[in-house]
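Novice: In full-length UniProt numbering, the protein residues as written are 1 to 281. The beta-carbon is built from N, C-alpha and C at its ideal position, and this holds for glycine as well.
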Amino acid sequence: MTSAETVGAALAACRGRIERTDARILMAEAIGRPSSFLVAHPETVLTAEQQARFAQWVTRRAAGEPVAYLIGTREFYGRPFAVSPAVLIPRPETEGIIDIAREAFPTAPSHVLDLGTGSGALAVTLALLWPEAAVVAVDRSAAALAVAAANARQLGARVDVLESDWFSALPAARRFDLIVSNPPYVAEGDPHLGEGDVRFEPPGALAAGADGLDDIRRIAADAAPRLASGGCLLVEHGYDQGAAVRQILALGGLARVRSWTDLAGIERITGGWLDAAVDEA
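Shown next as structure tokens:
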């Protein structure tokens with residue numbers, strides 16, 4: 001890059017190396033301006049520091065590194081969440097859990113648990129939606145919990161974070177009205193684990209056994225005793241796992257088990273309830 005390069009020239013120079021949308025996001029972050037500024041003012045001259053930052057990001061993005069890790073943020077449910085390579089990058093399909101939870105609980109539940117919280121996207125969003133709820137976020141990764149706690153502070157959410165391998169560190173008597181989770185659900189050895197952005201994400205947040213369902217089995221096996229009467233469990237899963245997850249949740253003692261589809265008509269989230277009769281048995 002030259003010492004007098006403009007926004008427009010820098011964007012044009014990386015054409016063909018990275019996607020245009022990615023380039024605009026990186027440029028906007030590099031100069032601290034909204035994307036609309038790039039369109040309105042392509043003649044803006046970059047400082048040496050801005051040029052160097054943008055050039056480095058383009059090189060790293062061209063090598064496959066996710067944009068979210070480069071700029072350190074990803075939007076989820078309309079809010080910016082800090083992310084790092086210690087956490088899975090929040091994805092739009094996970095927002096469906098929030099929509100389903102809102103429909104299932106017209107009034108705020110008293111106690112909410114997010115299993116495998118990662119960046120805290122689900123826990124923080126639910127805590128902001130229901131400020132009166134007691135929200136707990138657990139993860140087996142201390143580094144991930146640090147990111148989740150930082151997001152809760154930054155966004156003003158009241159969330160208790162706890163290092164735990166699923167339910168293991170939670171008091172046995174603790175009950176929750178709503179348990180949500182976006183657990184690992186990719187089969188080990190799946191070729192997609194070696195492609196695209198996924199290559200840079202924490203493997204422990206992605207893969208779960210030969211069929212990708214090991215962690216969902218663990219969650220479902222222990223969920224019923226952790227749910228309050230009438231409580232609900234919602235889990236995200238792979239595009240072809242709906243039927244298997246419904247069976248797993250039913251075997252775990254949950255009732256009214258069903259799946260929800262995303263905008264493409266793909267089953268992405270499955271849930272079930274602990275009916276009062278089951279709780280009293």
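Taking only runs of the alpha helix (DSSP H) that begin and end inside the segment 176-242, which ones reach a length of at least 4 residues, in chain order?
Specialist: As far as the segment 176-242 is concerned, its whole alpha helix (DSSP H) runs of at least 4 residues are 214-223.
Novice: Runs of 3 residues minimum, wholly inside the segment 103-170: which ones carry the beta strand (DSSP E) assignment?
Specialist: Those beta strand (DSSP E) runs which fall completely within the segment 103-170 and span 3+ residues are 111-115, 134-139, 159-163.
Novice: Under the three-state reduction of DSSP, which class applies to residue 1: helix, strand or coil?
Specialist: In this predicted model, residue 1 has a pLDDT of only 42, less than 50, meaning its place in the structure is not dependable enough to derive any value.
Novice: So the candidates are 85, 223, 170, 121; which of them puts its Cα closest to the Cα of residue 143?
Specialist: The candidate whose alpha carbon is nearest that of residue 143 is 85.
Novice: Under DSSP, the beta strand (DSSP E) around residue 271 begins and ends at which residues?
Specialist: Segment 267-273, the beta strand (DSSP E) holding residue 271.
Novice: Thinking C-alpha only, which one of 172, 115, 188, 187 is nearest residue 282?
Specialist: The question about residue 282 has no answer, for the chain in this structure spans 1 to 281.
Novice: Give me the Cα-Cα distance between residue 42 and residue 7, rounded to the nearest whole angstrom.
Specialist: When rounded, the distance between both Cα atoms is 5 angstroms.
Novice: With 16 other CB atoms within 10 Å as the buried threshold, where does residue 236 fall?
Specialist: That one is buried.
Novice: Is the distance from the Cβ of residue 163 to the Cβ of residue 145 below 7 angstroms?
Specialist: Taking 7 angstroms as the Cβ cut-off, residue 163 and residue 145 qualify as a contacting pair.
Novice: Applying the 10 Å Cβ sphere with the 16-neighbour rule, what's the burial state of residue 106?
Specialist: Classification of residue 106: exposed, given that the 10 Å Cβ count is below 16.
Novice: With a threshold of 16 other CB atoms inside 10 Å of the CB of residue 18, please say whether the residue is buried or exposed.
Specialist: Label assigned to residue 18: buried.
Novice: Sorted by chain position, which residues of the same chain lie with C-beta nearer than 6 angstroms to residue 306's C-beta, five sequence neighbours on each side aside?
Specialist: Lying before the first or after the last residue shown, residue 306 is absent from the chain, which here runs from 1 to 281.
Novice: Are the Cβ atoms of residue 147 and residue 87 separated by less than 7 angstroms?
Specialist: Yes. Within cutoff.
Novice: Any idea what DSSP makes of residue 89, helix, strand or coil?
Specialist: Note: residue 89 maps to coil in three-state DSSP.
Novice: Evaluate residue 215 with the Cβ neighbour count: other Cβ atoms within 10 Å of its Cβ, from every protein chain shown; 16 or more gives buried, anything less gives exposed.
Specialist: Buried, because 16 or more other Cβ atoms sit within 10 Å of the Cβ of residue 215.
Novice: Roughly how many angstroms lie between the CA atoms of residue 72 and residue 112, to the nearest whole one?
Specialist: Taking the straight line joining both Cα atoms gives about 27 angstroms.
Novice: Along the beta strand (DSSP E) that carries residue 257, what are the first and last residues, could you check?
Specialist: Note, residue 257: beta strand (DSSP E), 255-261.
Novice: When you compare each of 240, 243, 251, 238 to residue 220 by their alpha carbons, which one comes out closest?
Specialist: For residue 220, the nearest C-alpha among the options comes from 251.
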